[in-house]
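J.: Sharing a structure below in structure tokens format, with a few things to ask.
2 protein chains.
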Amino acid sequence: MGNLIVQKYGGSSVANPERIKNVAKRVVRYKKRGYNVVVVVSALGDTTDELIELASKVTDDPSEREMDMLISTGEQISCALLAMAIDKLKVPAISFTGAQVGIITDNSHTKARILNISAERIKEELKNGKVVVVAGFQGISVAKEITTLGRGGSDLTAVALAKALGAKICEIYTDVDGVYTADPRIVKDAKKLSRVSYDEMLELASLGAKVMQARSVEYGKRYDIPIHVRSSFSNVEGTIISKEVKSMERIDVSGLALQKDEAKVTICDVPDKPGIAAIIFKELAVNNIVIDMIVQNVSRTGTTDISFTVLKEDLAKTIKVAKKVAREVGAGEVIKDENIAKVSIVGIGMRSHSGIAARMFRALASKKINIEMISTSEIKISCVIEKRHAETALRTLHDEFGLKRVK
Amino acid sequence: MGNLIVQKYGGSSVANPERIKNVAKRVVRYKKRGYNVVVVVSALGDTTDELIELASKVTDDPSEREMDMLISTGEQISCALLAMAIDKLKVPAISFTGAQVGIITDNSHTKARILNISAERIKEELKNGKVVVVAGFQGISVAKEITTLGRGGSDLTAVALAKALGAKICEIYTDVDGVYTADPRIVKDAKKLSRVSYDEMLELASLGAKVMQARSVEYGKRYDIPIHVRSSFSNVEGTIISKEVKSMERIDVSGLALQKDEAKVTICDVPDKPGIAAIIFKELAVNNIVIDMIVQNVSRTGTTDISFTVLKEDLAKTIKVAKKVAREVGAGEVIKDENIAKVSIVGIGMRSHSGIAARMFRALASKKINIEMISTSEIKISCVIEKRHAETALRTLHDEFGLKRVK
Chain A
193 MGNLIVQKYG GSSVANPERI KNVAKRVVRY KKRGYNVVVV VSALGDTTDE
243 LIELASKVTD DPSEREMDML ISTGEQISCA LLAMAIDKLK VPAISFTGAQ
293 VGIITDNSHT KARILNISAE RIKEELKNGK VVVVAGFQGI SVAKEITTLG
343 RGGSDLTAVA LAKALGAKIC EIYTDVDGVY TADPRIVKDA KKLSRVSYDE
393 MLELASLGAK VMQARSVEYG KRYDIPIHVR SSFSNVEGTI ISKEVKSMER
443 IDVSGLALQK DEAKVTICDV PDKPGIAAII FKELAVNNIV IDMIVQNVSR
493 TGTTDISFTV LKEDLAKTIK VAKKVAREVG AGEVIKDENI AKVSIVGIGM
543 RSHSGIAARM FRALASKKIN IEMISTSEIK ISCVIEKRHA ETALRTLHDE
593 FGLKRVK
Chain B
193 MGNLIVQKYG GSSVANPERI KNVAKRVVRY KKRGYNVVVV VSALGDTTDE
243 LIELASKVTD DPSEREMDML ISTGEQISCA LLAMAIDKLK VPAISFTGAQ
293 VGIITDNSHT KARILNISAE RIKEELKNGK VVVVAGFQGI SVAKEITTLG
343 RGGSDLTAVA LAKALGAKIC EIYTDVDGVY TADPRIVKDA KKLSRVSYDE
393 MLELASLGAK VMQARSVEYG KRYDIPIHVR SSFSNVEGTI ISKEVKSMER
443 IDVSGLALQK DEAKVTICDV PDKPGIAAII FKELAVNNIV IDMIVQNVSR
493 TGTTDISFTV LKEDLAKTIK VAKKVAREVG AGEVIKDENI AKVSIVGIGM
543 RSHSGIAARM FRALASKKIN IEMISTSEIK ISCVIEKRHA ETALRTLHDE
593 FGLKRVK
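Residue numbers (my numbering), protein chains in the order written: chain A, 193 to 599; chain B, 193 to 599.
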């Protein structure tokens, strides 16, 4: 199918009839320019939350299978309405549920994985000259049950359809106009990135840049589907997430991220013997506690301190588990620190540029900001610092790596 | 499947989480008494109207295919919620859309006809000991599209499932507790009928008794499925609609109905020649005007007056069409009368009892009520009278035929 584009519109883009009509106009513009258009929609505004709220009034323990049955209606409503709105503009359109277009998933209700997409009915209707509107976030399991794909599921529907249909690009319309070098609410002169690599976006997403969920970016990376993140409220170009191109490598650092939702836990005086760390982190894992950074210093006295960070919402549970396991392995006390922030720099240029870490540490030191923990990946460096320094650190690093918008 | 019961709950019975929980309790009671229970639900309260309202804000001309996509979500929401509520009471339950249980319809969107029901998944889940909750009002067309069954569609789903599954009875839970001899708001001592025949119910339904849509009663009649109409807010027995039993024939008149939504139109001085009436009523039909009663008197002067009744909402259009056709056939003026009411008596006993009509006319005459038009069927007699006499006529006939509740 030549000249095919997949567009996804998030909940805020279709929050009410007026906005749905605006989306319809945009879709029709693309159609009239000669594109074949497949549109994926999320549920209207807060519909999903309202449905979850309804369920909570009926039971405190809904089965996941019934939750999927319930919340999948949100996207079915929005795709029917958008098809009507497009039709009203004299461009024929047809809506489909995930099941109808053959988005086959596994049986993991509320967080299903896409196994296969047949997309036969989509191809047929595109051939008929129609705009095809697909309910995002949902599929049908091999057991013929309605499933949903979990957080960011509609993005995933869009990227997966782009792959299945051989689309040139997948456009993700949202309420921000792209990916920025840093949170513009904190760093006033943050710059919109015109391009960013899948890997950088994955690091930024895992660091809490809420533009896109990591799994959709991973899917795009695996099948090399360029993703254009842009605003549904304007016509300006957004950010294209794609595989690395030469120009990207010339830049040291592409973006910065700041996280303040983690806390630090330290287990003191852990016996420095093989297998002890494994015992500790296995116990945390079986209690479903997700660990982010882990730091263990060299031992000098036969014991060591092990520090790690967890989401604040898991802190109480973490302390309980940590105290129990500390007793079991003969470690000392367990200390928590909620006044931390994590500041990170991300860039594929780090691979070829040396000295990036040193520049980061020096810049923080110049502002008398102490670094409590450090963790690095191939294209990312994260530092845990005192929370009160968070914004200063972000601005300082933004300047240091020359990310300022040129006025 | 032995001991199977199909229960249908209307929109007011599942209007909010509290009521859904009450329905769940009732279902569980039946299950614990040893019944296999299949439940059919309508959309929550006003959901369907709200969805139609949403569509109207997006387009003034929605395709029927997309309307079905949209409004079928209402029942999907309610069936998932009810399954959760039943599950919460420790009785396993599972919800299904019409498509999932194989309710196959024709392609007439928004008013589809059921062609076939496979119900395989229902049988399977009943064998697993589950309560099966089915979204009413919907099916899947032979073209694999979501369809809806039109007004009263959820009742039809219930009766059709009762047939497909070989259920003993189909219970229709609603906000009234049965079928009455007359509208209890007008006739204070109206009596609830414990039994009424399909044919009587069909006449009463067509006369505006809003308890059940005629098509569900017709379906029940065709396959001899007893239908128990009863209240979801109490445990009292309602009215059983079934085939005729001997006891019914002993009663002259089962029920009364009053309609005030019609108007009378008279075309004066119509040439009394063969084919003229056909021309008039064909012209009305092609303009989609539904005619109820027609009266034509014998001609004395070579011309005759033809009177008929139509719904008031069609009156303006009717007058326009009637005037045009009157000119064409050389008839005289067209007169309208909106101040009419139609009072009807219904009963299969009429077949074997003579003199029922005479008793009706005498009773009306005793109150000085003039009869303007008369129409009869095998088990019904309707009289058009002046609207101001409507309530008096209803009460008078209720007394005449001994329908009073025994105190």
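All residues carry an ideal CB built from backbone N, CA and C; glycine is no exception.
1) Taking 8 Å as the threshold (C-beta atoms), are A:Val-325 and A:Ala-275 in contact?
2) Are B:Ser-234 and B:Gly-328 close, meaning C-beta to C-beta below 8 Å?
3) Distance, Cα to Cα, B:Glu-530 vs B:Pro-466?
4) Taking C-alpha atoms, which residue in B:Phe-473, B:Arg-225, B:Arg-580 lies nearest to B:Ile-498?
5) Any beta carbon of chain B sitting closer than 8 Å to that of A:Leu-243?
6) Which residues in chain A sit within 9 Å of B:Gln-268, going by Cβ to Cβ distance?
7) Can you have a look at A:Asn-600 and say buried or exposed, based on whether 16 or more other CB atoms are within 10 angstroms of its CB?
8) Taking the Cβ atom as the reference point for each residue, do A:Gly-226 and A:Ala-207 lie within a distance shorter than 8 Å?
9) Could you give the residue range of the alpha helix (DSSP H) that holds B:Ile-468?
10) Please decide whether B:Thr-251 counts as near chain A, where near means a Cβ-Cβ distance under 8 Å.
11) Are the CB atoms of B:Leu-586 and B:Leu-684 within a distance shorter than 8 Å?
12) Would you say A:Lys-280 faces chain B, with C-beta separation under 8 Å as the test?
13) If you draw a straight line from the C-alpha of A:Ile-296 to the C-alpha of A:Ala-277, how long is it?
14) Under 8 Å, Cβ to Cβ, is there at least one residue of chain A near B:Ala-549?
15) Helix, strand or coil: which one does DSSP assign to A:Phe-553?
16) Report the CB separation of B:Asp-461 from B:Thr-495 in whole angstroms; it is logged as a contact under 8 Å.
17) Kindly indicate if chain B contains any beta-carbon less than 8 Å away from that of A:Lys-213.
18) Along the beta strand (DSSP E) that carries B:Lys-452, what are the first and last residues, could you check?
19) Could you spell out the range, first to last residue, of the beta strand (DSSP E) harbouring A:Arg-387?
20) What is the DSSP secondary structure of B:Pro-209, reduced to helix, strand or coil?
21) Would the stretch 360–376 of chain A and the stretch 407–424 of chain A be scored as touching if the rule is three or more Cβ pairs under 8 Å?
22) Under 8 Å between C-beta atoms, does A:Ser-204 make it to chain B?
23) Compare the C-alpha of B:Ala-311 against each of B:Gly-294, B:Arg-551, B:Asp-381, B:Ala-523 and name the closest.
24) In the structure shown, what three-state DSSP assignment does A:Ile-548 receive?
25) Look up A:Glu-337 in the DSSP assignment and give the residues it is bridged to.
26) Classify B:Gly-547 as buried or exposed, calling it buried when 16 or more other Cβ atoms lie within 10 Å of its own Cβ.
27) Taking CB distances under 8 Å as the criterion, tell me whether B:Ser-424 reaches chain A.
28) Tell me whether A:Arg-414 is buried or exposed, calling it buried when 16 or more other Cβ atoms sit within 10 Å of its Cβ.
29) Determine whether the Cβ of B:Leu-246 lies closer than 8 Å to any Cβ atom of chain A.
30) For chain B, is any of its Cβ atoms less than 8 Å away from the one on A:Glu-316?
31) Are the Cβ atoms of A:Val-482 and A:Leu-507 separated by less than 8 Å?
32) Please go through the same chain and pick out, in chain order, the residues whose beta-carbon is closer than 7 Å to the beta-carbon of B:Ala-272, but skip the five residues on each side of it.
33) Name the one or two DSSP bridge partners that A:Gln-199 has.
34) When you compare the CB of B:Ala-277 with every CB in chain A, is at least one pair closer than 8 Å?
35) Output the distance between the C-alpha atoms of B:Lys-534 and B:Ser-574, rounded to the nearest integer angstrom.
36) Report the three-state DSSP secondary structure of B:Arg-422 (helix, strand or coil).
T.: Looking at the atomic coordinates:
1) Counting from 1 along the first sequence, the entry for residue 275 of chain A is found at position 83. Counting from 1 along the first sequence, the entry for residue 325 of chain A is found at position 133. Yes; because the gap between Cβ atoms is below 8 Å, this pair is in contact.
2) Numbered from its first residue, the second sequence carries residue 234 of chain B at position 42. Numbered from its first residue, the second sequence carries residue 328 of chain B at position 136. Yes, they are a contact pair.
3) Numbered from its first residue, the second sequence carries residue 530 of chain B at position 338. Numbered from its first residue, the second sequence carries residue 466 of chain B at position 274. Those two C-alpha atoms are separated by around 29 Å.
4) For the purposes of this step, residue 498 of chain B is identified with residue 306 of the second sequence, where counting begins at 1. Among B:Phe-473, B:Arg-225, B:Arg-580, the Cα nearest to that of B:Ile-498 is on B:Phe-473.
5) What you label residue 243 of chain A is simply residue 51 of the first sequence in a count that begins at 1. Chain B, which has a Cβ nearer than 8 Å to the Cβ of A:Leu-243, makes this yes.
6) Residue numbering aside, residue 268 of chain B sits at position 76 when the second sequence is read from its first letter. Near B:Gln-268 (Cβ distances below 9 Å), the residues of chain A are Met-261, Leu-262, Ser-264, Thr-265, Gln-268, Ile-338.
7) As shown, chain A starts at 193 and ends at 599. That puts residue 600 of chain A outside it, with no answer to give.
8) Counting from 1 along the first sequence, the entry for residue 226 of chain A is found at position 34. Counting from 1 along the first sequence, the entry for residue 207 of chain A is found at position 15. A:Ala-207 sits away from A:Gly-226, with the two beta carbons spaced by 8 Å or more.
9) The residue given as residue 468 of chain B occupies position 276 in the second sequence. Here the alpha helix (DSSP H) through B:Ile-468 covers 468–478.
10) In the second sequence, the residue the question calls residue 251 of chain B occupies position 59. Closer than 8 Å to some Cβ of chain A, the Cβ of B:Thr-251 qualifies, so yes.
11) In the structure displayed, chain B extends from 193 to 599; residue 684 of chain B sits before or after that span and is not available.
12) Position 88 of the first sequence holds residue 280 of chain A. It does: the Cβ of A:Lys-280 has a partner Cβ on chain B nearer than 8 Å.
13) For this step, residue 296 of chain A is matched to residue 104 along the first sequence. For this step, residue 277 of chain A is matched to residue 85 along the first sequence. Looking at the two C-alpha atoms, the distance is approximately 28 Å.
14) Here residue 549 of chain B is taken as the residue at index 357 of the second sequence, counted from 1. False, the Cβ-Cβ gap to chain A never drops below 8 Å.
15) Position 361 of the first sequence, counting from 1, holds the residue named residue 553 of chain A. A:Phe-553 falls in the helix class under three-state DSSP.
16) What you label residue 461 of chain B is simply residue 269 of the second sequence in a count that begins at 1. What you label residue 495 of chain B is simply residue 303 of the second sequence in a count that begins at 1. Rounded, the Cβ-Cβ distance is 4 Å, consistent with contact.
17) Taking the first residue of the first sequence as position 1, residue 213 of chain A is located at position 21. Judged by the 8 Å Cβ criterion, A:Lys-213 is in contact with chain B.
18) Locating residue 452 of chain B in the second sequence gives position 260, counting from the first residue. It is not in any beta strand (DSSP E) - B:Lys-452 carries neither H nor E in the DSSP assignment.
19) Indexing the first sequence from 1 puts residue 387 of chain A at position 195. Segment 387–389, the beta strand (DSSP E) holding A:Arg-387.
20) Mapped onto the second sequence, residue 209 of chain B falls at position 17. B:Pro-209 falls in the helix class under three-state DSSP.
21) The stretch 360–376 of chain A vs the stretch 407–424 of chain A: in contact.
22) Your numbering for residue 204 of chain A matches position 12 in the first sequence. So no, A:Ser-204 is outside the interface.
23) As a working note, residue 311 of chain B is residue 119 in the second sequence. The residue with the shortest Cα to Cα distance from B:Ala-311 is B:Gly-294.
24) Numbered from 1 along the first sequence, position 356 holds the residue referred to as residue 548 of chain A. Note: A:Ile-548 maps to helix in three-state DSSP.
25) In the first sequence, counting from the first residue as 1, residue 337 of chain A sits at position 145. Paired residue(s): none; A:Glu-337 is not in a bridge.
26) The count along the second sequence starts at 1 and reaches residue 547 of chain B at position 355. Classification for B:Gly-547: exposed.
27) As a working note, residue 424 of chain B is residue 232 in the second sequence. No - not a single Cβ of chain A is within 8 Å of the one on B:Ser-424.
28) For the purposes of this step, residue 414 of chain A is identified with residue 222 of the first sequence, where counting begins at 1. It counts as exposed.
29) Along the second sequence, read from residue 1 onward, the residue named residue 246 of chain B stands at position 54. By this cut-off, B:Leu-246 is an interface position.
30) Numbered from 1 along the first sequence, position 124 holds the residue referred to as residue 316 of chain A. Taking a beta-carbon distance threshold of 8 Å, A:Glu-316 does not count as an interface residue toward chain B.
31) Along the first sequence, read from residue 1 onward, the residue named residue 482 of chain A stands at position 290. Along the first sequence, read from residue 1 onward, the residue named residue 507 of chain A stands at position 315. No; because the gap between Cβ atoms is not below 8 Å, this pair is not in contact.
32) For the purposes of this step, residue 272 of chain B is taken as residue 80 along the second sequence, with counting starting at 1. Around B:Ala-272: Ser-287.
33) Position 7 of the first sequence, counted from the start, is the residue given in the question as residue 199 of chain A. Bridge partners of A:Gln-199: A:Val-231, A:Glu-363.
34) Within the second sequence, the letter at position 85 stands for residue 277 of chain B. Closer than 8 Å: yes.
35) Here residue 534 of chain B is taken as the residue at index 342 of the second sequence, counted from 1. Here residue 574 of chain B is taken as the residue at index 382 of the second sequence, counted from 1. If I take the Cα positions, the gap works out to 6 Å.
36) Looking up residue 422 of chain B in the second sequence gives position 230. The answer is strand: DSSP assigns B:Arg-422 an E or B state.
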